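Report on the structure given below.
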Amino acid sequence: MLRIKRVPTVVSNYQKEEAEDQKGCGRNCLRNCCIKGAKLPLYTYKRINKIVSGKGLLGHEDKEPPVAFLDSLLLGEWEDRMQRGLFRYDVTACETKVIPGEHGFIAQLNEGRHLKKRPTEFRVDKVLQPFDGNKFNFTKVGQEEVLFQFEPSEDDEVQFFPDAPIDVENSPSVVAINVSPIEYGHVLLIPRIFECLPQRIDRESFLLALDMAAEAANPYFRLGYNSLGAFATINHLHFQAYYLAVPFPIEKAPTKKITTLDGGVKISEMLNYPVRGLVFEGGNTLQDLSDAVSDSCICLQVNNIPYNVLISDCGKRVFLLPQCYAEKQALGEVSAELLDTQVNPAVWEISGHMVLKRKKDYEEASEENAWRLLAEVSLSEERFQEVNALIFEAIAGGDNGNGNGNVTPQPPEEFNPIDKSSHPTMVVGNQECLVLQ
Amino acid sequence: MESQLGLIEQSFNVRYSVWAREALDEFPDNFTITDPSISGHPIVFASWGFLKMSGYSKEEVIGKNGRIFQGPGTNRRSVMEIREAIRQERPIQINLLNYRKDGTPFWMLFHMRPVFSKEDGRVIHFVAVQVPILRKLRRLSGSGFGGRNGVNLCEDGSMLRETVFGSCRREVCSDSVVELGRVLALDSVLDSDNGELEVEEPCEANDSEKLRAATAINNILSVLTHYSESTGRSVCGKRGSLSGMGLLGSSLIISLGRIKQSFVLTDPHLPDMPIVYASDAFLKLTGYARDEVLGRNCRFLSGVDTDSSTLFQIKESIRMEQACTVRILNYRKDNNSFWNLLHISPVRNATGKIAYFVGVQIEEGCRNQDRQGLSPEMRQLSVVGAVKVAVRSLSMGASPSKS
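Chains as they are written, first to last, in UniProt numbering: chain B, 1 to 437; chain R, 1 to 403.
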């Protein structure tokens, strides 16, 4: 059994290490003791599942789109919690910079994020571990830390209910704050929170995350996922997200195409980047892209390979990064110098965003240092190719699960952008027919 | 919408004399001029060559953002690089896949450069030249494309010039266009490779195409420079002095332009804490023009019946570097008063220190414009959040190029 010691990040003001007593806690949490009659804003989004037209996914692409509604809701609620003092510190008061160099790694000096507590032991050799209700999970957070419920719409449109009841039976997904934010707007997306799913990806949950990225419609709002063994600290299914209006180094890495799947999903590998990984993009529908990624993640989970996932570019590009740093750390294979920085390379760090707790590390932050740290996280080339082989065997078996290749094109109404000009739209890709308007 | 179109016309007409359009019309090159200070970073000028290449009419292009020419085959990373170049106010030359109005994709070399104000060094416009990259012709698979493809190539004078003349001739002779079309249509029939047009394979521009782009953009910049002198608002291709009177970079202006609510940014480090940014909605609410408010302290909004203790409360909060919400009586330019639910918050930049204060105005009693149901208070806070993200992020990186 491999374990490492680290101080877990406090994501909720109600997070404690000792076991909680199950009875009423009087702290306005989300469990049965307090949930009755609770209300929370509900945002329902229209699920975009149409074939990608020649003009991009969303209708209002003709201008720089205004701040999308979901964006406004999230920013507004987050600022509200900030003014109510729910965060452990003001992240905007933390100095941050882009490290000069070719790649543009981002460093932040954040002394307050990591507590001076006694480290906890984390098991890092099993990616799949059963949910343990005794440990901290997101039903234990205070209701004030939850911003809104996030669900697909039953009608064909976006709807917002500022005061919706929380219907546990309906298994809603929620967005909550991370009280130790890495950047402004740092939130947690918790799919079907009351089902208490362990930290592992499934098709439905991953699609929810992609939907959120698409709905926010902001290329600087990214979602991330850490598997167990890849620095997830809480074994309750969740994604993270925050805003940073600069490109991540990983997004700038050149790529080399490996293949295109039947559903139109293009898979590439990254070049000239310290961590080896795959990039998924395209897809005839968002679901095709989502399934390709989640099936790959499931393959990794089943094979006990820890990994991180970054959803970027409004859900149009997804990075999958298998890693082995925790294992190396447990086996004593990481240099003391790197360990001293106390940087746990989870998805954000691997993407190129480093939070440093010591001023010295911040001031001396350089592209070489960042590269060196991340190179330790990467699988070796041989191992990476082995892992790729596993993944491709799992997903490229002809069928993505939804019988594609002959997808009938959607009727022309679906394509119509909001502006008045109508024009023939050509569907690029495997489809054989031209849709004219 | 009228005012948006007005702004777009003005963007060009105020800066360059009337002869500029004629001069630009002499160029056969494909190019667009965009204005980052107008919300949406729209195209304000499109050359006739560009319209021909893309298949759109002028009305369909003016006022739109360049992303309308992108599509599913467009490399996302390239889009990001262009976004970054705009953010950093520097030139970029990159191969890009675009789509015509009829949906057909084509590769082109995209070469963009900023145009700076000679007076204060800020970015006035971006000029982008598009040189189609012509490679070995292949037919598109599927029915009915062969002929169509041939027709498209016929219409694109510049591509034909490239293959047939092999040199950079400016003039396009319309008779020869028809002739060349026939030649090319023949080519595509004879081309034995009938595979799909591999839009995903990146096309690289060759040296002559790059030279053509660079030459074109220099010529355009010369014209703009020349015709800006007579309006008294000179521009140049290189940034001169950055006389930094609280100037916001164009990337911040573009980001702030996405926020549709009424708000201002004020700079506490400048004497008398002037307004350095005002949203269109703010101007609409108060009745002032942009140049009437930039550089002034907000107190001009107060009037005879404005409660002085409220003013004091605002002053105190600013001094304490804290957020506050007040209800204050304000006056529009025409002297009509309105109750303003004003929320003020400090905004920090990447150094962690306060760079600006943001003031978000809500006119009390105004019908809730937001059809989607965010409360006015929530909308106010969302403006604060969006501004905080923009200011912090956009002050992090490589500073704008000084060239």
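Just so you know, even glycine gets a beta-carbon here, dropped at the ideal spot from N, CA and C.
Remember, predicted model here, so these are calculated numbers, not experimental data.
Buried versus exposed call for residue i [16 or more other C-beta atoms within 10 Å across all chains shown]
{"i": "R/Met320", "result": "exposed"}
{"i": "B/Asp132", "result": "exposed"}
{"i": "R/Phe312", "result": "exposed"}
{"i": "residue 411 of chain R", "result": "Residue 411 of chain R cannot be examined here, being either before or after the span of chain R that is shown, 1 to 403."}
{"i": "B/Leu70", "result": "buried"}
{"i": "B/Thr120", "result": "exposed"}
{"i": "R/Gly303", "result": "exposed"}
{"i": "B/Leu244", "result": "buried"}
{"i": "B/Lys316", "result": "buried"}
{"i": "B/Thr255", "result": "buried"}
{"i": "R/Asp305", "result": "exposed"}
{"i": "R/Thr286", "result": "buried"}
{"i": "R/Gln322", "result": "exposed"}
{"i": "B/Lys140", "result": "buried"}
{"i": "B/Gly282", "result": "buried"}
{"i": "R/Gly66", "result": "buried"}
{"i": "R/Asp307", "result": "exposed"}
{"i": "R/Thr32", "result": "buried"}
{"i": "B/Ala176", "result": "buried"}
Candidates the options, of which the one nearest residue i by Cα
{"i": "residue 503 of chain B", "options": "B/Ala38, B/Pro162 and B/Glu145", "result": "Residue coverage of chain B in this structure runs from 1 to 437, which leaves residue 503 of chain B outside it and unanswerable."}
{"i": "B/Asn284", "options": "B/Gln301, B/Thr260, B/Ile298 and B/Phe131", "result": "B/Thr260"}
{"i": "R/Ala213", "options": "R/Ser250, R/Arg348 and R/Met108", "result": "R/Met108"}
{"i": "B/Val347", "options": "B/Gly133, B/Leu321 and B/Ile4", "result": "B/Leu321"}
{"i": "R/Trp19", "options": "R/Thr225, R/Gly63 and R/Leu134", "result": "R/Thr225"}
{"i": "R/Asp207", "options": "R/Asn95, R/Asp25 and R/Ser345", "result": "R/Asn95"}
{"i": "R/Pro91", "options": "R/Gly103, R/Thr74 and R/His111", "result": "R/His111"}
{"i": "B/Leu42", "options": "B/Glu79, B/Asn137, B/Gly112 and B/Gln149", "result": "B/Gln149"}
{"i": "B/Arg81", "options": "B/Cys94, B/Lys359 and B/Tyr184", "result": "B/Tyr184"}
{"i": "B/Leu40", "options": "B/Glu144, B/Val11 and B/Gly76", "result": "B/Glu144"}
{"i": "R/Arg87", "options": "R/Ser250, R/Arg15 and R/Ser230", "result": "R/Ser250"}
{"i": "B/Pro247", "options": "R/Glu81, R/Ile43 and R/Val326", "result": "R/Glu81"}
{"i": "B/Val158", "options": "R/Ser234, R/Leu374 and R/Gly397", "result": "R/Leu374"}
{"i": "B/Asn308", "options": "B/Asn218, B/Cys314 and B/Tyr325", "result": "B/Tyr325"}
{"i": "B/Thr96", "options": "B/Leu374, B/Arg372, B/Lys357 and B/Gly76", "result": "B/Lys357"}
{"i": "R/Thr34", "options": "R/Leu5, R/Phe126 and R/Asn13", "result": "R/Phe126"}
{"i": "B/Ile173", "options": "B/Gly142, B/Glu382, B/Met212 and B/Phe136", "result": "According to the sequence provided, residue 173 of chain B is Ser. The question's Ile does not apply to it. Closest by alpha carbon: B/Met212."}
Residue i: first and last residue of the uninterrupted beta strand (DSSP E) it sits in
{"i": "B/Leu373", "result": "That residue, B/Leu373, is in no beta strand (DSSP E); its alpha helix (DSSP H) goes Glu367 to Val377."}
{"i": "B/Ser312", "result": "Tyr307 to Ser312"}
{"i": "R/Cys324", "result": "Cys324 to Tyr331"}
{"i": "B/Gln149", "result": "Val146 to Pro152"}
{"i": "B/Val265", "result": "Val265 to Met270"}
{"i": "R/Glu209", "result": "Note, R/Glu209: premise wrong, no beta strand (DSSP E); alpha helix (DSSP H) at Asp207 to Glu229."}
{"i": "R/Ile124", "result": "Val123 to Pro132"}
{"i": "B/Tyr325", "result": "That residue, B/Tyr325, is in no beta strand (DSSP E); its alpha helix (DSSP H) goes Tyr325 to Ala330."}
{"i": "B/Ser294", "result": "Premise fails: B/Ser294 lies in the alpha helix (DSSP H), Leu286 to Val302, not in any beta strand (DSSP E)."}
{"i": "R/Ala46", "result": "Ile43 to Ala46"}
{"i": "R/Ser117", "result": "Pro105 to Ser117"}
{"i": "R/Tyr99", "result": "Ile92 to Tyr99"}
{"i": "R/Gly373", "result": "That residue, R/Gly373, is in no beta strand (DSSP E); it is neither H nor E in DSSP."}
{"i": "B/Gln159", "result": "Gln159 to Pro165"}
Which residues DSSP lists as bridging residue i, in chain order
{"i": "R/Tyr277", "result": "R/Leu265"}
{"i": "B/Val175", "result": "B/Phe148 and B/Leu189"}
{"i": "R/Glu363", "result": "R/Asn340"}
{"i": "B/Thr9", "result": "According to DSSP, B/Thr9 bridges with nothing at all."}
{"i": "B/Thr120", "result": "B/Arg6"}
{"i": "R/Leu31", "result": "Leu is not the amino acid found at residue 31 of chain R; the sequence shown has Phe there. R/Phe31 pairs with R/Val129."}
{"i": "B/His114", "result": "Per DSSP, none; premise fails for B/His114."}
{"i": "R/Glu26", "result": "Answer is none; R/Glu26 lacks a bridge partner."}
{"i": "B/Val355", "result": "B/Gln108"}
{"i": "B/Arg317", "result": "B/Glu281 and B/Ser312"}
{"i": "B/Tyr45", "result": "B/Pro152"}
Boundaries (first-last residue) of the alpha helix (DSSP H) holding residue i
{"i": "B/Glu95", "result": "Taken as a continuous stretch (DSSP letters only), B/Glu95 belongs to no alpha helix (DSSP H), as it is neither H nor E."}
{"i": "B/Glu381", "result": "Glu381 to Ile395"}
{"i": "B/Gln342", "result": "Per DSSP, B/Gln342 belongs to no alpha helix (DSSP H) and is neither H nor E."}
{"i": "R/Lys58", "result": "Lys58 to Val61"}
{"i": "R/Leu248", "result": "No alpha helix (DSSP H) holds R/Leu248; DSSP gives it neither H nor E."}
{"i": "B/Gly76", "result": "Phe69 to Gln83"}
Task: alpha helix (DSSP H) segments (min. 4 residues) lying fully within the segment 284 to 358 of chain R - done: 290 to 293 and 308 to 319
TODO: Go through the segment 190 to 268 of chain B residue by residue and report every complete run of the alpha helix (DSSP H) that reaches 4 residues or more, in order.
DONE: If we require 4 residues or more, the alpha helix (DSSP H) runs fully inside the segment 190 to 268 of chain B come out as 203 to 216 and 249 to 252.
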